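At position 521 of the sequence shown the residue is numbered 521 (the UniProt record's numbering), and the sequence of numbers has no breaks.
We put the beta carbon where it would ideally sit given N, CA and C, even for glycine.
Since we're looking at a predicted model, the values are computed, not measured.
In what follows, a single structure is set out as C-alpha cells and then discussed.
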Amino acid sequence: MSIPKLQSDELERCKEEAKILIQLMEENSNDKSKSKSKMKKMAGHVRMTSNKVVHTDITINSWKFNEWDYFSKKVVLPTFARGLFTHKDEIVVRGYDKFFNLGETPSTSKEALYHETNGPYEVTVKTNGCIVLISGFADGTLVVCSKHSTGLRNDISKNHSMSAQFAIEENLKKIGLTAKDLALALYEANVTALGEFCDDSFEEHLIEYKGDSAGVYIHGLNYNIPQFKTLPFSIVNEFGEKFGFKKTEYLKFNTVEETFEFLEEASKTGTYQNEEIEGFVVRCHKGNGDDLLFKYKFDEPYMLYRDFRETTKKYLASGVDQVKFPARHKIACMDYLKFVAPLFENNDQLKKDYLDNKNIVEMRKRYMNAKGKTGLQLVQEEQSMTLNELKDEVYESRFGGKRHNKYAIVPVATIGCGKTTIALILQKLYPDLVGHIQNDNLSNPVKDKLEKGALELFIDKQIVVLDKNNHQFRERKQIFDNFAKLNKVIPKDKLKFVCLNFVSGSGAPDMDLWEVTKNRIIERGDNHQSIKAEGDGKLAEGIMKGFINRFQPVNAKRQPDSAFDLVIDLEVNANRSSLDNAKMIVKHLREFASDLQLPEPTEGQFQKAFDDALKYKPTTTKIFKTSKSNKKKTTKPQF
C-alpha cells in the first residue's frame with residue numbers, strides 16, 4: 001500500500017496557505033515591541049531558530065510557540081503544529097498538532113470524546129523516548145529533527161536528532177537501503193515520518209529499551225501542510241517495515257465505547273502484553289472529519305517511577321537535606337532512596353551516569369526485585385510503611401548502613417609535640433582518606449570553626465585530624481559538644497573519636513618533655529603561625545610554660561575523655577619521635593579502623609612522608625594575644 005498523494009488542486013491550495021502561515025509567523029517573530037498588539041495577542045508569540053541540515057548548506061527554520069498559548073482562550077494560534085520546520089516558503093517537516101491528555105481540555109473530556117468524535121479509533125502504545133521527525137529534499141537529502149532542532153549543535157550536551165539520524169542510517173544499511181532512498185520516498189509523498197527514538201545506551205527515560213528493543217519506533221506519517229492531516233496506522237506500519245523502523249503496535253476499535261472499555265481495563269495493571277507502559281495514544285476524527293489525537297496516560301506506576309528518578313537525581317545533586325519528597329509517593333520514595341543510596345557510595349561513575357539519564361531503569365529493577373513486587377503493588381502497599389521510622393532511616397542513609405565509619409583524630413598535647421608533623425605524615429601516606437585542619441590557621445575568635453571545618457572535610461575524607469593541643473578538659477569537652485551540635489549528617493554510631501595522647505601518665509609533663517619540645521621550638525624559629533621563637537624567644541618560652549602549667553592529662557575513666565573510642569598513647573622523647581609515633585598511630589588505626597582496610601606503608605614510604613612533613617611552612621600568620629593591651633591590636637590573619 002503506497003502513501004496516497006494529495007490532489008494537485010489541494011496541494012496548490014496548501015502551498016498558498018503555507019506561504020501565508022510562514023509570513024504571519026515571521027512578522028510575529030520579528031516584532032520586538034513590548035506592546036501587546038492585537039495581532040500579537042491573536043497569533044501568540046513565536047520563536048524562530050535556524051539550523052543547517054547536516055552535510056549541506058541548507059538552512060531550515062524551526063518555529064516554537066509558548067506552551068501556555070496552546071491552552072489560552074484569548075490566543076488563537078495560526079497553527080497547533082509542534083515540530084514545524086520551514087525552508088523559504090515551504091513546510092519541510094511537520095509534527096503532530098499539540099494533543100492533550102484525557103480530560104486536560106474541554107475537547108478531550110470523556111463526554112466530548114463520546115459525543116464529538118468518530119471512529120475508527122486507533123490505539124497505540126505510548127512509546128517512552130524522544131520524538132524525532134524525518135523528512136527529505138528533492139536531491140535526496142535526509143532531514144532528521146528533534147522537536148525543535150536539527151543538525152550539528154555546539155550548545156547542547158546531547159544531540160537527539162544526530163543520534164537518531166545515525167541509528168536510522170545504520171539500520172537502513174542493514175536492509176540494503178540508503179538515507180537517500182528514505183529521503184526521496186518522503187519527499188515524493190510530501191510527508192514527514194514521526195518516530196520515537198528509544199535507546200537506553202543514549203538516554204534512559206522510564207521504560208526500558210535495550211538491545212533488540214532499542215531503535216526508532218515509527219508512529220506517524222503527516223502531510224507537510226498547514227492543516228493537520230495524518231495517515232492511518234496501516235499505512236504507517238507498512239512504510240515503517242519497508243524502511244526498517246521499529247514497529248509500533250496498534251489496536252483498532254470501531255466505537256468509542258469499545259475503546260474506553262479497553263483503556264480502562266489496561267489501566268488496572270498499567271501494562272500491555274505483560275509489559276509496563278506509560279499509556280496509550282488514541283487517534284480518531286472530529287465531527288468535521290479532521291484528525292484528532294489524545295493521550296490516555298496511566299497515573300501508576302509511571303508517576304511512581306518518575307518520582308523515583310527525580311528524587312534520586314535531587315539527592316545525588318544536592319544531598320538528602322535538599323530533597324522535597326513528592327506528596328503522592330513520599331513514603332515509597334523514602335524507602336527507595338534508603339535502598340539506592342548505599343549503591344552510589346564511593347561510585348562516582350554511577351552517580352555521573354544516573355544524572356546523565358543512565359542506569360535509571362536498572363536501579364529501579366534492583367529495588368523492585370529486592371522488594372519482590374511490581375510497581376502497582378508498591379503503590380498499593382505504600383501506606384503499610386511507617387513514615388517516621390522510615391524518615392529517620394533515610395536521613396541517616398547519607399552515610400548508609402554499610403558505609404565506612406568516620407574517624408576524628410584529636411591530639412592531646414603541648415606545644416612542640418609533633419601534632420602537625422604527624423598529621424602531615426598521615427595525609428601524605430593516605431591522601432585520599434585523611435584530611436587535616438589546623439586550629440592555628442583559623443582566625444580568632446575560633447568558637448566552633450574547627451569542628452565546622454572538620455565536618456566539611458568529612459564530606460570527602462574518612463579520617464580528619466583536628467590539629468590543636470586540646471590540653472584541658474574543657475577543650476576536649478568543647479569538641480564533643482560542638483560535634484553533637486553541628487553534625488546533622490553522620491550517624492552517631494558511624495563517627496569515632498580517636499585520642500592521640502602525646503603526654504602519657506597521670507601527672508604534669510616532666511622535664512624531659514620540656515627539654516625536647518623547647519629545643520624543637522627553638523630549632524623551627526619563626527616557622528609557625530603564631531609562636532615566633534626566633535623573633536621573641538622569651539615570649540615563645542612563656543607561652544609554652546603556660547600550656548604545660550595548665551595541662552590536664554587524659555583520663556579515659558571520666559568525662560569528657562571517656563567519650564573517646566580509642567586512646568593511643570605516644571612518647572615524645574627523641575628528635576625522631578614523630579616518625580615513630582606515626583608508625584604507632586598507623587598500626588593502631590589499621591586494627592581499629594579495619595573497615596577502611598588501610599594498606600601498611602613500607603619503611604621507605606614512612607621515611608619519605610616524614611621528610612616531606614619536615615619541609616612544611618605555614619602560610620598564615622596570627623598575632624598571639626598575651627595581654628589586655630593586645631586587645632587593641634588587629635587579630636586578622638596576615639598573609
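Nearest candidate by alpha-carbon position, reference residue i, set the options
i      : options                        : result
Glu89  : Glu26, Asn254, Ile131          : The amino acid occupying residue 89 in the given sequence is Asp; Glu does not appear at that position. Of Glu26, Asn254, Ile131, the residue nearest in Cα terms is Glu26.
Tyr187 : Leu231, Leu142, Ile168         : Leu142
Asn190 : Ile218, Asn482, Ile225, Glu170 : Ile225
Leu566 : Lys452, Leu500, Pro553         : Leu500
Tyr475 : Gly418, Thr414, Thr421, Ala423 : Correcting the residue type first, residue 475 is Glu in the shown sequence and not Tyr. For the residues Gly418, Thr414, Thr421, Ala423, the minimum Cα distance to Glu475 belongs to Thr414.
Ser234 : Gly604, Phe228, His219         : His219
Glu238 : Ser2, Ile20, Ala423            : Ser2
Glu116 : Gly136, Met584, Thr255, His205 : Thr255
Ala327 : Ala317, Phe308, Ser163         : Phe308
Gly136 : Thr178, Gly119, Glu122, Glu67  : Thr178
Tyr121 : Leu24, Thr259, Pro560          : Thr259
Ala408 : Lys371, Gly604, Ala138, Leu457 : Leu457
Ser29  : Gly372, Asn274, Asn128, Asn66  : Asn66
Met368 : Ala332, Asp353, Lys352, Phe344 : Ala332
Residue i to residue j span [Cα, whole Å]
i      : j      : result
Leu133 : Ile459 : 46 Å
Asn439 : Lys468 : 6 Å
Ile22  : Glu203 : 34 Å
Ala484 : Glu276 : 47 Å
Lys173 : Lys210 : 20 Å
Leu293 : Val281 : 7 Å
Pro4   : Val92  : 18 Å
Ser577 : Arg590 : 20 Å
Phe100 : Thr59  : 31 Å
Ser35  : His45  : Legend: pLDDT at Ser35 = 44, less than 50; position of this residue unreliable, value from coordinates given subsequently. Their backbone Cα atoms lie some 12 Å apart in a straight line.
Ser107 : Lys52  : 37 Å
Asn346 : His404 : 10 Å
Ala18  : Phe325 : 47 Å
Ile422 : Asp611 : 11 Å
Gly418 : Asp356 : 47 Å
Gln349 : His588 : 33 Å
Asp561 : Lys496 : 13 Å
Tyr272 : Glu300 : 13 Å
Ala454 : Arg364 : 35 Å
His329 : Glu382 : 8 Å
Residue i - DSSP class collapsed to helix/strand/coil
i           : result
Asn347      : coil
Gly289      : coil
Asn222      : strand
Ser135      : strand
Phe473      : helix
residue 714 : Look at the range of the chain in this structure, 1 to 639, and you will see that residue 714 is not part of it.
His148      : coil
Cys14       : helix
Ala183      : helix
His436      : strand
Lys468      : coil
Pro342      : helix
Ala214      : coil
Cys333      : helix
Ala613      : helix
Gly319      : coil
Test item: CB-CB of residue i and residue j under 8 Å
i      : j      : result
Thr230 : Asp291 : yes
Leu337 : Tyr315 : yes
Ala593 : Ile425 : no
Cys130 : Phe197 : yes
Leu466 : Leu450 : yes
Val412 : Val554 : yes
Gly270 : Leu378 : no
Gly151 : Val54  : yes
Leu433 : Gln462 : yes
Thr49  : His148 : yes
Glu10  : Thr124 : no
Ser267 : Phe298 : yes
Leu77  : Gly95  : no
Val410 : Asn482 : no
Val503 : Phe551 : yes
Tyr223 : Leu6   : yes
Val361 : Glu208 : yes
Val498 : Ile568 : yes
Phe253 : Phe245 : no
Residue-level contact to chain D via CB, residue i, 8 Å cutoff
i      : result
Ala179 : Of the protein chains in this structure there is only one, and it is not chain D.
Problem - Inside the region 544 to 607 only - beta strand (DSSP E) runs reaching at least 3 residues - result: 566 to 569
Problem - Segments assigned alpha helix (DSSP H), at least 4 residues, entirely inside the region 16 to 95 - result: 38 to 43
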